[in-house]
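If you're matching them up, the sequences are chains A and B in order. Count the first sequence with the working numbering and you get residues 1 to 109, in order. Count the second sequence with the working numbering and you get residues 110 to 218, in order. Quick reminder that beta carbons are idealized off the backbone N, C-alpha and C, glycines included. The structure appears below as structure tokens.
Number of protein chains: 2
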Amino acid sequence: MTSPADLPAGVQADVPAELARLRGSIDNLDAALVHLLSERFKLTRAVGEFKARQGLPPSDKGREERQTARLRALSEQAELDPEFAEKFLAFVIDEVVRHHEAIARDHTA
Amino acid sequence: MTSPADLPAGVQADVPAELARLRGSIDNLDAALVHLLSERFKLTRAVGEFKARQGLPPSDKGREERQTARLRALSEQAELDPEFAEKFLAFVIDEVVRHHEAIARDHTA
Chain A
1 MTSPADLPAG
11 VQADVPAELA
21 RLRGSIDNLD
31 AALVHLLSER
41 FKLTRAVGEF
51 KARQGLPPSD
61 KGREERQTAR
71 LRALSEQAEL
81 DPEFAEKFLA
91 FVIDEVVRHH
101 EAIARDHTA
Chain B
110 MTSPADLPAG
120 VQADVPAELA
130 RLRGSIDNLD
140 AALVHLLSER
150 FKLTRAVGEF
160 KARQGLPPSD
170 KGREERQTAR
180 LRALSEQAEL
190 DPEFAEKFLA
200 FVIDEVVRHH
210 EAIARDHTA
């Protein structure tokens, strides 16, 4: 039995070898990204629980600004478009703040 | 001389030690994510150039559906919300298709 997770999404009979090779590497990076994002949400969940216990607000604009500045600088070193890095961080933080708000609601309920 | 990239965004004098520790780990994962995303865009740039040379269309709905199904399955294994993984992939692919369209325009120009 194979599950969708076992099948590299790039493997297809009618795809040129060069394209299949590139897609195989993209699929490997995507698996790594999913696992790192999962670890990141475990950490932000712990942050959310800590903030709820201490009565701290779920979001922290100063921290977000420092994260954005740092990721933009890191992106330039890594040859990633800093605009994309900033959009990516905003996308992830959006989800984190939603989680923190839910934790804060559970905590006061 | 320190640049914003050298300073962990979580380090602040007035932050409790537990919160600073969690933020330091989040910052390390973010650096890893930025570097993996950069590698991913290098691969998708190569895919875009290959497609432009072969006259293949920039986007491929069948491939995207297989990627989505695979990432949702991987997310369940990794304890990441599959809805978030799907939104994340759509966010990244949006950017990739924009790149591919630009490559295709350059190629025909």
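To the nearest angstrom, how far is it from the Cα of residue i to the Cα of residue j?
i	j	result
LEU142(B)	GLU148(B)	10 Å
ILE135(B)	PHE159(B)	36 Å
ARG53(A)	ARG63(A)	19 Å
GLN263(B)	HIS35(A)	Past the edges of chain B, shown from 110 to 218, lies residue 263(B), and the structure says nothing about it.
GLU210(B)	ARG175(B)	21 Å
PRO58(A)	ASP123(B)	17 Å
GLY157(B)	HIS99(A)	36 Å
GLU95(A)	THR217(B)	39 Å
VAL206(B)	ASP215(B)	14 Å
ALA213(B)	PRO16(A)	18 Å
THR111(B)	ILE93(A)	With a pLDDT of only 48 at THR111(B), under 50, the local geometry of the prediction cannot be trusted, and no value is derived from it.
LYS61(A)	LYS170(B)	38 Å
ALA182(B)	ALA73(A)	33 Å
Might you give, ordered along the chain, the residues of its own chain that have their beta carbon closer than 8 Å to the beta carbon of residue i, omitting 5 neighbours on each side?
i	result
ALA46(A)	none
State yes or no: is the C-beta of residue i within less than 8 Å of the C-beta of residue j?
i	j	result
GLU188(B)	THR177(B)	no
LEU165(B)	PHE88(A)	no
ASP30(A)	LEU138(B)	no
LEU152(B)	LEU22(A)	yes
PHE41(A)	PHE200(B)	no
Among the residues of its own chain, which have a CB less than 6 Å from the CB of residue i, if the five just before and after it don't count?
i	result
SER75(A)	PRO82 and ALA85
Hey, is residue i close to the ligand ATP, as in C-beta under 7 Å from one of its heavy atoms?
i	result
LEU43(A)	The ligand content of the structure shown is nil, which means the ligand ATP is not present either.
Using a Cβ-Cβ cutoff of 9 Å, what residues of the segment 127-153 of chain B are near chain A? List them in chain order. GLU127, LEU128, LEU131, ARG132, SER134, ILE135, ASP136, LEU138, ASP139, ALA140, ALA141, LEU142, VAL143, HIS144, LEU145, LEU146, SER147, GLU148, ARG149, PHE150, LYS151, LEU152 and THR153
What are the complete beta strand (DSSP E) segments, minimum 3 residues, inside the segment 119-163 of chain B? none
Got a sec: which bits of the segment 94-105 of chain A sit with their beta carbon under 8 Å from any beta carbon on chain B, in order along the chain? GLU95
Check each residue of the segment 179-195 of chain B: if its Cβ is closer than 7 Å to any Cβ of chain A, include it; give the result in chain order. ARG179, LEU180, ALA182, LEU183, SER184, GLN186, ALA187, GLU188, LEU189, PHE193 and ALA194
Chain B contacts from the segment 46-63 of chain A (Cβ-Cβ distance under 9 Å): ALA46, VAL47, PHE50, LYS51, GLN54, LEU56, GLY62 and ARG63
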